[in-house]
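Enquirer:
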Amino acid sequence: MKHESAAPAATTDVSHIAPREKAEILSQALPYIRKFHGKTIVIKYGGNAMTDPALQQDFAEDVVLLKLVGLNPVVVHGGGPQIEGALSRLGKKGHFIQGMRVTDEETMEVVEWVLAGQVQQDIVGLINVAGGKAVGLTGRDGGMIRAKKLKMLDKDDPAKEHDIGQVGDIVSIDPSVVKALQDDQFIPVISPIGFGESNESYNINADVVAGKLAEVLKAEKLVLLTNTPGVLDKAGNLLTDLSAREIDALFADGTLSGGMLPKIASALDAARSGVNAVHIIDGRVPHAMLLEILSDQAYGTMIRSH
């Protein structure tokens, strides 16, 4: 995620919009700003939004705007493509079991310096340049994410267990460092790395970290940026508004499968644990997050807790 050489994002020309229409657009955001003022929003940042320079800029501006109008954004980021790039530069080939990266000690070192170094600091820099005050954290900071080794059972033979190295499962999250930063007007940017009983590091799925963090922070919303329009039905139409029960039905009839499963599972857990709404939105659409949160336009799928 290199943005040093990226050209500045072109400012959209809005001069053709009449003043009354501009005012109308702005005033439509007011009920949402009032409703969500002071509330926490956890954002999982990944996909194209994280690798396209213009979308990176849009994301940083959106996060800063949300903070300035009184919401409390917390960013959790991934970094699969960046880790893959770093490993290949070192001549180390990634090995996957059931879609999960096998993370030996050497790979874990690379994961840490890519996520907690390059990727995190790029995001922090973008937000700061856009006028915010971002602070980078990992799960080690403030003892935030305690983890244990993830047990991966074979999908065909549950009696068999695969060893995938330092891939972690969350034991507990202590959000006190995040709350302290929020109270001080900072925007936390969190790398999904936890620590175990013997101080060992664990790489944790960023969707899972975002979901659990939203639960313990009692967030108003969890926003998952993806490379898809949202949850689609079998005919390929976007389902904009779903309840937990309707999601269960989509699992049962096979509508939901593949790469969407871990995202939906995290979304459902959060919705069932008190997060009022989970949004799975298309990170390839400029400012999709802002439009989803501060307007009545749907730019993805909202899963309601009730």
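For the sequence shown, position 186 matches number 186 in UniProt numbering, and the numbering has no gaps at all.
For each residue, glycine too, the CB sits at the ideal point set by N, CA and C.
#1: Work out the CA separation of R89 and Q82 for me, nearest whole Å.
#2: Where D282 and W113 are concerned, what is the direct C-alpha to C-alpha distance, given to the nearest angstrom?
#3: Rank S191, D296, V231 and T226 by C-alpha distance to the C-alpha of G117 and give the top, closest one.
#4: What would DSSP say about A18, mapped onto helix, strand or coil?
#5: Have a look at the DSSP bridge pairing and note the partners of L224.
#6: Write down every uninterrupted run of the alpha helix (DSSP H) in the stretch 37–101 whose length is 4 residues or greater and which is fully enclosed by it, in chain order.
#7: Please determine, among R245, E246 and L238, the residue with the shortest C-alpha to C-alpha distance to Q297.
#8: Can you grab the Cα-Cα spacing for the pair L294 / Q166, in whole Å?
#9: Rounded C-beta distance between G143 and D174? I'm assuming under 8 Å.
#10: Grouping DSSP H, G and I as helix and E and B as strand, with all else coil, what is M289?
#11: Which value, in whole angstroms, describes the spacing of the CA atoms of A60 and A159?
#12: Please return the same chain residues whose Cβ sits closer than 8 Å to the Cβ of N72, not counting the five positions on each side in sequence.
#13: Check whether the Cβ atoms of D225 and G211 sit closer than 8 Å, and answer yes or no.
#14: Helix or strand or just coil, what does DSSP make of T255?
#15: Should L242 go down as buried or exposed, given a rule of 16 or more other Cβ atoms within 10 Å for buried?
#16: In the DSSP output, which residue or residues are listed as bridge partners for S191?
#17: Leaving aside the five residues before and after E105 along the sequence, list all residues of the same chain whose C-beta is less than 6 Å from its C-beta, in chain order.
#18: Within the same chain, show all residues whose beta-carbon is closer than 7 Å to that of D141, passing over the 5 residues directly before and after it, in chain order.
#19: Output the distance between the C-alpha atoms of M152 and R245, rounded to the nearest integer angstrom.
#20: What three-state label does DSSP hand G132 in the structure shown?
#21: With the cut-off set at 8 Å, would you say residue 313 and S201 are in Cβ contact?
#22: Below 6 Å CB to CB, which residues in the same chain sit around A288 once its five sequence neighbours on both sides are set aside?
#23: Please name the residue or residues paired with S266 in a DSSP beta bridge.
#24: Could you pull out every residue in the same chain whose Cβ sits closer than 8 Å to the Cβ of K67, ignoring the five residues on either side in sequence?
#25: Would the beta-carbon of V208 fall within 8 Å of that of I123?
Expert: So, from the data block:
#1: Near 11 Å, if we compare the C-alpha coordinates of R89 and Q82.
#2: 28 Å
#3: Considering only alpha carbons, the answer is S191.
#4: coil
#5: K44 and I280
#6: 48–51, 53–68 and 80–89
#7: Comparing Cα positions, the closest option is L238.
#8: 39 Å
#9: 5 Å
#10: helix
#11: 46 Å
#12: G38, K39, T40, I41 and Q182
#13: It should be noted that the sequence gives Leu, not Asp, for residue 225. Not closer than 8 Å, so no.
#14: coil
#15: buried
#16: T138
#17: none
#18: Annotation for D141: V177 place their beta carbon closer than 7 Å to its own, counting only its chain and skipping 5 residues before and after.
#19: The alpha-carbon atoms of M152 and R245 are separated by roughly 27 Å.
#20: coil
#21: Residue numbering for the chain in the displayed model covers 1 to 306; residue 313 lies beyond these limits and cannot be assessed.
#22: I281, D282 and Y299
#23: None, per the DSSP bridge assignment.
#24: P73, G132, Q185 and I187
#25: Going by C-beta atoms, V208 is not nearer than 8 Å to I123.
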